[in-house]
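Novice:
There are 2 protein chains.
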Amino acid sequence: MKDTTTVYQHGTLAMLVVGLFEGTLPVSELMKHGDTGIGTANDFDGELVIVDGTVYQVVESGEVKVLAPDDKIPFASVHFHQSRPAVTINNTNGVELEHQLENNYQFGNSFVGINIQGAFKRMHTRVVPKQSKPYPKLSAAIKVQPKFSQENVTGTIVGYYAPFLFQGATVGGFHLHFINDAHDFGGHILDFEIDQAEVEVQPLENLLQHLPINDKNFQAANLNLQNMNEEIESAEH
Amino acid sequence: MKDTTTVYQHGTLAMLVVGLFEGTLPVSELMKHGDTGIGTANDFDGELVIVDGTVYQVVESGEVKVLAPDDKIPFASVHFHQSRPAVTINNTNGVELEHQLENNYQFGNSFVGINIQGAFKRMHTRVVPKQSKPYPKLSAAIKVQPKFSQENVTGTIVGYYAPFLFQGATVGGFHLHFINDAHDFGGHILDFEIDQAEVEVQPLENLLQHLPINDKNFQAANLNLQNMNEEIESAEH
Chain A
1 MKDTTTVYQH GTLAMLVVGL FEGTLPVSEL MKHGDTGIGT ANDFDGELVI
51 VDGTVYQVVE SGEVKVLAPD DKIPFASVHF HQSRPAVTIN NTNGVELEHQ
101 LENNYQFGNS FVGINIQGAF KRMHTRVVPK QSKPYPKLSA AIKVQPKFSQ
151 ENVTGTIVGY YAPFLFQGAT VGGFHLHFIN DAHDFGGHIL DFEIDQAEVE
201 VQPLENLLQH LPINDKNFQA ANLNLQNMNE EIESAEH
Chain B
1 MKDTTTVYQH GTLAMLVVGL FEGTLPVSEL MKHGDTGIGT ANDFDGELVI
51 VDGTVYQVVE SGEVKVLAPD DKIPFASVHF HQSRPAVTIN NTNGVELEHQ
101 LENNYQFGNS FVGINIQGAF KRMHTRVVPK QSKPYPKLSA AIKVQPKFSQ
151 ENVTGTIVGY YAPFLFQGAT VGGFHLHFIN DAHDFGGHIL DFEIDQAEVE
201 VQPLENLLQH LPINDKNFQA ANLNLQNMNE EIESAEH
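Residue numbers (UniProt numbering), protein chains in the order written: chain A, 1 to 237; chain B, 1 to 237.
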C-alpha cells in the first residue's frame, strides 16, 4: 500500500544555495516515493512539476518537456497524492488563499501537500535558467530568470507548506509550482488569481530526507551557511 | 529486511525548547524504526539510551529503569545498528575522538550513527530532571541538572552526528549518551576518557522525521524560534 503520509525529499535547498546543481538521484528512484511533487533538474535546468507520476520540466524558454527515468535530479520533493474532499474556492488571489489555508488548517508546524486544480484568471511564473560547470552559487544563477504569464488558463498547482524550522533543508512556508492542462506552460509560481478551483490539503506526518552521502561534491561542500535564511528568502520568494 | 540506512526521529529539539515534554509516541511504535538510539521520556524524565532494542531510562536520581512498550516519549532518535569493522581506540578523550572521527570520515554534511563499546577511564554525564505541568521552557527545566561520574567503567556510547543544517530539528554535531554494562549508570555525556574502545561509525543516508501533527499542543506551539541556536547550544553542550 502506498504511504500517503510522507513527503520524500532528495537533496536540500542548502545544496542549491552553494551551487550543487548536478543530478544525484535518477527519476526512477524518486518516483518510488511519490507521484506528485516539485523540484529542479540536472544543471538546475528549470522547474519540475510532478503530477500523476509524470515529471514535467519547464525550461527557461518556457517550453515543457518530460524527464525520463534515467535523468538525474539534484533536488525534489514528492509524495503520494491521496484524493480527499476538496474545498471549492472562487475569485481569490494567491496571497489571500495562503492566509485562508493557514487560518483554516492550523498546519504551521507540519508538512502539508497542496493540490489545486481549476481555472485561473491569471498565472504568473518564473523559471530558473540552466547552468553549466563550474556552477555558480544560487544567488548568481538566479540573477536573470525568465518570467511567464497566462490569462484564463486551466491547470494544476502542486507544492508544499513546510514548517520554518526546516528552512534551509527545504523552503519554509509555501512553495508552489504550476503546470497547465495543455502541458505547455508552467513554472515556479510568483502569483495567481483563481477563477474557480478545487483545493486539497494533505497533512504529511513524516519528512523522509534523503542525502547523496557518497557524492564527493556533497561531502566537501560547506553547508553550514550563516546567511542561509536571507539567501533563501531572496531566491524563493 | 531491516533498513540500516535511516535514522528515525520522533519530535524535534525545537519542541523541547518550548516545553512540549509530554510523550506523543509509544515506545512500541518507536522500536519499529530501530534498536539503537537516544531520547528523553514523558515529562522530560531523564535520558534514554537504546541498546539492542532495550530502552534504558537514566533518571535524575542516577537510577536506571527500562521503559515499557506503552510508555510514550516526546523526542527520540533510533536506527537499526549494523555491525561493521570497528576501529580500536586507546587513551583518548571525547574531544580528541570527535576531532579524529570528523577528520577521518568527512561526514560533516551527513547523519551518522555512533557506537562505542569498551573500557573508559572516566565517564561524566548529566541527566535532565523530570518536569510537571504546566511545563516550563527548556532553559528553565535544565537550570539544575544532576551530574554523575564513574572511573574505570565498561559500557556503550550511543548517539549521532547530525549536520548543522538540521540544528533545531535535532542537535547539530555530536549528541552522545552512555549506559554502562551493569545497567546502573549512564546519561547524556559531558566528557569521557577512553582506556580502550571499539568505535563504529554507521553512515545514514536518510532522516525520517516524524511529527505529532494531530497533537493540539504541537499544533498550537510557536516553533519558529529566533534564538533557537543559542538556546540549543547552552542546553545540549
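We put the beta carbon where it would ideally sit given N, CA and C, even for glycine.
Verify whether the separation of the beta carbon atoms of residue 200(A) and residue 122(A) is less than 7 Å.
Specialist: Contact: no.
Novice: Got a sec, what are the start and stop residues for the alpha helix (DSSP H) residue 17(B) sits in?
Specialist: Where residue 17(B) is concerned, the enclosing alpha helix (DSSP H) stretches over 13-17.
Novice: Nearest to residue 241(B) by alpha carbon, out of 81(B), 21(B) and 61(B)?
Specialist: With chain B running from 1 to 237 in the structure shown, residue 241(B) is simply not present.
Novice: Is the number of C-beta pairs between the stretch 208-218 of chain A and the stretch 177-190 of chain B that are closer than 8 Å three or more?
Specialist: They do not touch, by the three-pair rule.
Novice: Answer with buried or exposed for residue 191(A), where buried requires no fewer than 16 other C-beta atoms within 10 angstroms of its C-beta.
Specialist: Per the 10 Å Cβ criterion, exposed.
Novice: From this set, 64(B), 124(B), 39(B) and 149(B), which residue's C-alpha is nearest residue 72(B)'s C-alpha?
Specialist: Checking every option, the nearest Cα to that of residue 72(B) belongs to 39(B).
Novice: If you drop the 5 nearest sequence neighbours on each side, which residues of the same chain put their C-beta closer than 7 Å to that of residue 209(B)?
Specialist: Here the set comprises 9 and 169.
Novice: Roughly how far, in whole angstroms, is the beta-carbon of residue 197(B) from the beta-carbon of residue 116(B), given that I think they are within contact range, below 8 Å?
Specialist: Indeed, because the Cβ distance is near 5 Å, the residues count as touching under 8 Å.
Novice: Where does residue 43(A) sit, in a helix, a strand or coil, going by DSSP?
Specialist: Helix.
Novice: Could you work out which residue in 194(B), 35(B) and 52(B) is closest to residue 240(B) when comparing CA atoms only?
Specialist: Since the first residue shown for chain B is 1 and the last is 237, residue 240(B) is missing from the structure and cannot be characterised.
Novice: Output yes if chain B places a C-beta closer than 7 Å to the C-beta of residue 169(A); else output no.
Specialist: Yes, its Cβ sits closer than 7 Å to a Cβ of chain B.
Novice: By Cβ distance, which residues of its chain are closer than 6 Å to residue 129(A), with the 5 residues on each side in sequence left out?
Specialist: Hits under 6 Å: 60.
Novice: For residue 156(B) versus residue 18(B), is the C-beta distance shorter than 7 Å?
Specialist: Cβ distance not < 7 Å, so residue 156(B) and residue 18(B) don't count as in contact.
Novice: Count Cβ pairs between the stretch 94-109 of chain A and the stretch 24-38 of chain A that sit closer than 8 Å; are there 3 or more?
Specialist: At 8 Å Cβ cutoff, the stretches do not touch.
Novice: Going by DSSP in three states, residue 242(B) sits in which element: helix, strand or coil?
Specialist: This structure cannot settle anything about residue 242(B), because the visible part of chain B is limited to 1 through 237.
Novice: Roughly how many angstroms separate the alpha carbons of residue 139(B) and residue 126(B), rounded to a whole number?
Specialist: Going from the Cα of residue 139(B) to the Cα of residue 126(B) covers about 15 Å.
Novice: Check whether chain B comes within 7 Å of residue 162(A), counting only Cβ atoms and requiring the distance to be less than that.
Specialist: Cβ-Cβ to chain B under 7 Å: no for residue 162(A).
Novice: Using a threshold of 7 Å, state whether the C-beta atoms of residue 223(A) and residue 14(A) are closer than that.
Specialist: Yes, these two residues count as a Cβ contact at 7 Å.
Novice: Give every residue of the same chain whose Cβ lies closer than 6 Å to the Cβ of residue 207(B), excluding the five residues on either side of it in the sequence, and list them in chain order.
Specialist: Closer than 6 Å at Cβ, skipping near neighbours: 7 and 111.
Novice: Between residue 25(B) and chain C, is the shortest Cβ-Cβ distance under 7 Å, so that the two count as touching?
Specialist: Of the protein chains in the structure, A and B, none is chain C.
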